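Heads up: the sequence shown runs through residues 1048 to 1388, numbered per our numbering.
Working notes, structure below.
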Amino acid sequence: MKNLFAWLVVLSLVACADEDESPAVQFWQPDDFPPATYTFQNNPVTAPGFELGRMLFYDPVFSRDSTVSCANCHLQAVAFADPAHKISVGINDRIGTRNAPPIFNLAFKSNFFWDGGVNHIDFIPINAIVNPNELDQDIDVLISKLNKYNRYPQKFKDAFNKANIDSQQMLFALSQFMVMMVSANSRYDQYVNGNKSVLAEQEIRGLALVESKCTSCHTPPLFTNDGFANNGLDTEFTDRGRAIITESENDVGKFRVPTLRNVELTDPYMHDGRFRTLEQVLTHYQQGVKDSPTLDPLLKQNETPGIVLSDTEKADIIAFLKTLTDRSFTQDKRFANPFLP
Ligand code: HEC
Ligand code: HEC
């Protein structure tokens, strides 16, 4: 089944390449990952489309005053998270409400944002563009800026072969750039793929602990079950999380289970960036978990809420989490800023 799917993707890319003569770009479907959920048939990735998306991602023309780009809050060196702010900061230093999540392996996920408020990659940028705390720009104004900008009309034509730039092409180009961001080459992946000598003893002990205590939520290979949970950060919730979308009291204080891949790089942690270190995160699970009506049952199995962990076990788990870092992804030149030499 997996192979069949991979072939369909390749075939649709090839078919498109024949039609408009845009060279296809190869999407990487790692063998042990679930099949990609992205709708490639509507928006096949081509070389000009991908390169255009890359430019757009790094271009400050996206903000009302042309000062802030997507990359201000999503930095490649830290797997496209934001190392500088707990809560992200946009145009005119306006403060948002949540921590900017990393960007990779989006093609395999079915919901986005901390509350799952967006369920298709193609719609993600709209939120960032029009959000007054992020880019604060009307989509129509952005499109007319792009149409007037010297560098873009020809590039859009090369990618989509239409007379004028419209918002769908802009969104498609950004998606083409972002879905190609696949991160599956950490030391952990090399270990899983047969290179058993790549992990040290402590890291292997940490892996076993994570498998017994964390993977019902942070499930491999993506290290998320793509669901929502309350992991005990608070008793009262200023940010109601998943309940904002579902309007159900049962979802108050539940947030998207984030991936643990590249987690060494993506601090600060949690939806509000409250923890600076992995040590603090593990101490939270060990002794900081707060009870509330929606606290996940997995964290309520003992007399006091939380996960039973010794200090040695915490250290082993942190050692393992660092094996999930994928520098080949954070240093991949295909995703780097095209405006820099
Ligand atoms: C001011 C900072 C900021 C800017 C600028 C920004 N983002 Fe984000 N981004 C965020 C925050 C914060 C979230 C999480 C929002 C939430 O959960 O409510 C987010 C979420 C995302 C996600 C979802 C990731 C996931 O796994 O759920 C993607 C993808 C993304 N942004 C892409 C972009 C793109 C593309 C642009 C440019 C058009 C952009 N961002 C501009 C801060 C920013
Ligand atoms: C009941 C499900 C559940 C279990 C079990 C669980 N987590 Fe989490 N984890 C979450 C959720 C949900 C979040 C995000 C919470 C938020 O931001 O409000 C999270 C966040 C994290 C983060 C922060 C990631 C980031 O990008 O901000 C780390 C690190 C983490 N968990 C590690 C672990 C480890 C290690 C274990 C096992 C010792 C574990 N978790 C067990 C659900 C769980």
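Just so it is clear, CB atoms sit at the ideal spot from N, CA and C, and this is done for glycine as well.
Keep in mind that this is a model prediction, so the values were computed, not measured.
Assign Lys-1209 to one of two classes, buried (16 or more other C-beta atoms within 10 Å of its C-beta) or exposed (fewer than that). As a working note, residue 1209 is residue 162 in the sequence shown. With fewer than 16 other CB atoms across the displayed protein chains lying within 10 angstroms of its CB, Lys-1209 is exposed.
By Cβ distance, which residues of its chain are closer than 6 Å to Tyr-1316, with the 5 residues on each side in sequence left out? Reading the sequence shown from its first residue, position 269 is the one you call residue 1316. Here Tyr-1316 has Phe-1322 and Val-1328 as same chain residues with Cβ atoms under 6 Å from its own Cβ, once five neighbours each way along the sequence are excluded.
If we ignore side chains and look at the alpha-carbon of each, how far apart do Cys-1117 and Leu-1342 end up? Taking the sequence shown and counting its residues from 1, one reaches residue 1117 at position 70. Taking the sequence shown and counting its residues from 1, one reaches residue 1342 at position 295. Approximately 34 Å, taken between the alpha carbons.
Endpoints, alpha helix (DSSP H) assigned at Ile-1142: Looking up residue 1142 in the sequence shown gives position 95. That residue, Ile-1142, is in no alpha helix (DSSP H); it is neither H nor E in DSSP.
For Asp-1169, the nearest candidate out of Asn-1158, Pro-1179 and Asp-1373 (CA to CA): Numbered from 1 along the sequence shown, position 122 holds the residue referred to as residue 1169. Distance from the Cα of Asp-1169 is smallest, within the candidate group Asn-1158, Pro-1179 and Asp-1373, for Asn-1158.
So, under 8 Å CB-CB, Asp-1205 and Pro-1095 are touching, yes? Tell me the CB distance rounded to an integer number of Å. As a working mapping, residue 1205 is identified with position 158 in the sequence shown. As a working mapping, residue 1095 is identified with position 48 in the sequence shown. The Cβ separation is near 4 Å, so the contact holds.
Is Val-1328 near ligand 2, with its Cβ less than 6 Å from a heavy atom? Taking the sequence shown and counting its residues from 1, the one referred to as residue 1328 is at position 281. Relative to ligand 2, the beta carbon of Val-1328 is positioned inside 6 Å of a heavy atom.
Residue nearest to Leu-1345 in terms of C-alpha spacing, selected from Thr-1262, Lys-1156 and Glu-1311: Here residue 1345 refers to the residue found at position 298 of the sequence shown. Of the residues Thr-1262, Lys-1156 and Glu-1311, the one whose Cα lies closest to the Cα of Leu-1345 is Thr-1262.
To the nearest angstrom, report how far apart Asn-1050 and Pro-1082 are at their CA atoms. To locate residue 1050, count along the sequence shown from 1; it is residue 3. To locate residue 1082, count along the sequence shown from 1; it is residue 35. Residue confidence is low: Asn-1050 scores 42 on pLDDT, short of 50, so the model does not pin down where it sits. No coordinate-derived value is stated.
Candidates Val-1304, Asp-1379 and Phe-1109: closest to Met-1217 by CA position: Position 170 of the sequence shown holds residue 1217. For the set Val-1304, Asp-1379 and Phe-1109, the Cα lying nearest the Cα of Met-1217 is the one of Phe-1109.
From Ala-1362 to Phe-1207, what does the alpha carbon distance come to, in whole angstroms? Counting from 1 along the sequence shown, the entry for residue 1362 is found at position 315. Counting from 1 along the sequence shown, the entry for residue 1207 is found at position 160. Distance between the alpha carbons of Ala-1362 and Phe-1207: 51 Å.
Would you kindly work out how many angstroms separate the C-alpha atoms of Arg-1289 and Asn-1178, rounded to a whole number? Residue mapping note: residue 1289 aligns to position 242 of the sequence shown, counting from 1. Residue mapping note: residue 1178 aligns to position 131 of the sequence shown, counting from 1. Each residue's Cα considered, the two are about 19 Å apart.
Check: Val-1115 C-beta below 6 Å from any heavy atom of ligand 1: Translated into positions along the sequence shown, residue 1115 becomes position 68. Yes, since a heavy atom of ligand 1 falls inside the 6 Å radius drawn around the Cβ of Val-1115.
Inter-stretch contact (C-beta, 8 Å, three-pair minimum) for the stretch 1306-1320 and the stretch 1265-1275: Contact between the stretch 1306-1320 and the stretch 1265-1275 is present, because at least three Cβ pairs lie under 8 Å.
C-beta contact flag for Leu-1371 and Tyr-1235 at 7 Å: The residue labelled residue 1371 in the question sits at position 324 within the sequence shown. The residue labelled residue 1235 in the question sits at position 188 within the sequence shown. Yes. Within cutoff.
The alpha helix (DSSP H) that contains Pro-1172, what's its start and end? Sequence index remark: in the sequence shown, residue 1172 carries index 125 (1-based). In the DSSP assignment, Pro-1172 falls within the alpha helix (DSSP H) that extends over 1171-1177.
Rounded distance between the beta-carbons of Phe-1284 and Val-1299, thought under 8 Å: For the purposes of this step, residue 1299 is identified with residue 252 of the sequence shown, where counting begins at 1. For the purposes of this step, residue 1284 is identified with residue 237 of the sequence shown, where counting begins at 1. So it is a contact: roughly 6 Å between Cβ atoms.
When the distance is taken between beta carbons, is Phe-1224 closer than 7 Å to Gly-1353? Residue mapping note: residue 1353 aligns to position 306 of the sequence shown, counting from 1. Residue mapping note: residue 1224 aligns to position 177 of the sequence shown, counting from 1. Their beta carbons are not under 7 Å apart, which means Gly-1353 does not touch Phe-1224 by this criterion.
Within 8 Å, do at least three Cβ pairs link the stretch 1130-1143 to the stretch 1242-1261? As far as the Cβ criterion goes, the stretch 1242-1261 does not touch the stretch 1130-1143, which means the pair count is below three.
Buried or exposed for Ala-1087, please, with buried defined as at least 16 other CB atoms from any protein chain shown within 10 angstroms of its CB. As a first step, residue 1087 is located in the sequence shown; it is residue number 40 there, counting from the start. First, the amino acid is wrong: residue 1087 is Phe here, not Ala. Phe-1087 should be labelled buried.
Does ligand 2 have even one heavy atom less than 6 Å from the beta-carbon of Ala-1276? Counting from 1 along the sequence shown, the entry for residue 1276 is found at position 229. Closer than 6 Å to some heavy atom of ligand 2: that describes the Cβ of Ala-1276.
Can you pull the DSSP bridge partners for Ala-1276? The residue you call residue 1276 lines up with position 229 of the sequence shown. For Ala-1276, the pairing in a beta bridge is given by DSSP as Phe-1302.
Is the beta carbon of Phe-1080 sitting closer than 7 Å to the one on Phe-1155? Numbered from its first residue, the sequence shown carries residue 1080 at position 33. Numbered from its first residue, the sequence shown carries residue 1155 at position 108. Yes, they are a contact pair.
Straight-line Cα distance separating Ser-1375 from Asp-1185: Position 138 of the sequence shown, counting from 1, holds the residue named residue 1185. Position 328 of the sequence shown, counting from 1, holds the residue named residue 1375. Using only the alpha carbons, I get a separation of about 36 Å.
Since Gly-1163 and Arg-1381 should fall inside the 8 Å C-beta cutoff, what is the C-beta to C-beta distance between them, to a whole number of angstroms? As a position in the sequence shown, residue 1163 is number 116, starting the count at 1. As a position in the sequence shown, residue 1381 is number 334, starting the count at 1. In fact, because the Cβ distance is near 29 Å, the residues do not count as touching under 8 Å.
Simplified DSSP assignment, three categories, for Phe-1284: In the sequence shown, counting from the first residue as 1, residue 1284 sits at position 237. Reduced to three states, the DSSP call for Phe-1284 is coil.
In this structure, what does DSSP give as the bridge partners for Ala-1128? The residue labelled residue 1128 in the question sits at position 81 within the sequence shown. In the DSSP assignment, Ala-1128 is bridged to Leu-1122.
Confirm the yes/no value for this check: CB of Phe-1074, any heavy atom of ligand 2, distance under 6 Å. Indexing the sequence shown from 1 puts residue 1074 at position 27. Not one heavy atom of ligand 2 lies closer than 6 Å to the C-beta of Phe-1074.
Under three-state DSSP, which class holds Thr-1330? For the purposes of this step, residue 1330 is taken as residue 283 along the sequence shown, with counting starting at 1. Here Thr-1330 sits in helix by DSSP.
Arg-1287 versus Cys-1264 - alpha carbon distance: Locating residue 1287 in the sequence shown gives position 240, counting from the first residue. Locating residue 1264 in the sequence shown gives position 217, counting from the first residue. Approximately 20 Å between the Cα atoms of the pair.
Would the beta-carbon of Thr-1313 be found less than 6 Å away from any heavy atom of ligand 2? Counting from 1 along the sequence shown, the entry for residue 1313 is found at position 266. Yes, since a heavy atom of ligand 2 falls inside the 6 Å radius drawn around the Cβ of Thr-1313.
Endpoints, alpha helix (DSSP H) assigned at Ile-1354: The count along the sequence shown starts at 1 and reaches residue 1354 at position 307. First-last for Ile-1354: undefined, no H or E at that position.
Whole angstroms is fine: what's the gap from Pro-1305's alpha carbon to Trp-1075's? Counting from 1 along the sequence shown, the entry for residue 1305 is found at position 258. Counting from 1 along the sequence shown, the entry for residue 1075 is found at position 28. Pro-1305 and Trp-1075: Cα-Cα distance of roughly 21 Å.
Ligand 1 heavy atoms versus the CB of Pro-1268: any closer than 6 Å? Start at 1 with the first residue of the sequence shown, and residue 1268 comes out as number 221. No, the Cβ of Pro-1268 stays beyond 6 Å of every heavy atom of ligand 1.
Suppose contacts are defined by Cβ-Cβ distances below 7 Å. Is Pro-1149 in contact with Phe-1127 by that definition? Residue numbering aside, residue 1149 sits at position 102 when the sequence shown is read from its first letter. Residue numbering aside, residue 1127 sits at position 80 when the sequence shown is read from its first letter. Yes, they are a contact pair.
Among Ile-1142, Leu-1103 and Val-1336, which one has its Cα closest to the Cα of Lys-1192? Counted from its first residue, the sequence shown places residue 1192 at position 145. Closest in C-alpha terms to Lys-1192, from the list Ile-1142, Leu-1103 and Val-1336, comes Leu-1103.
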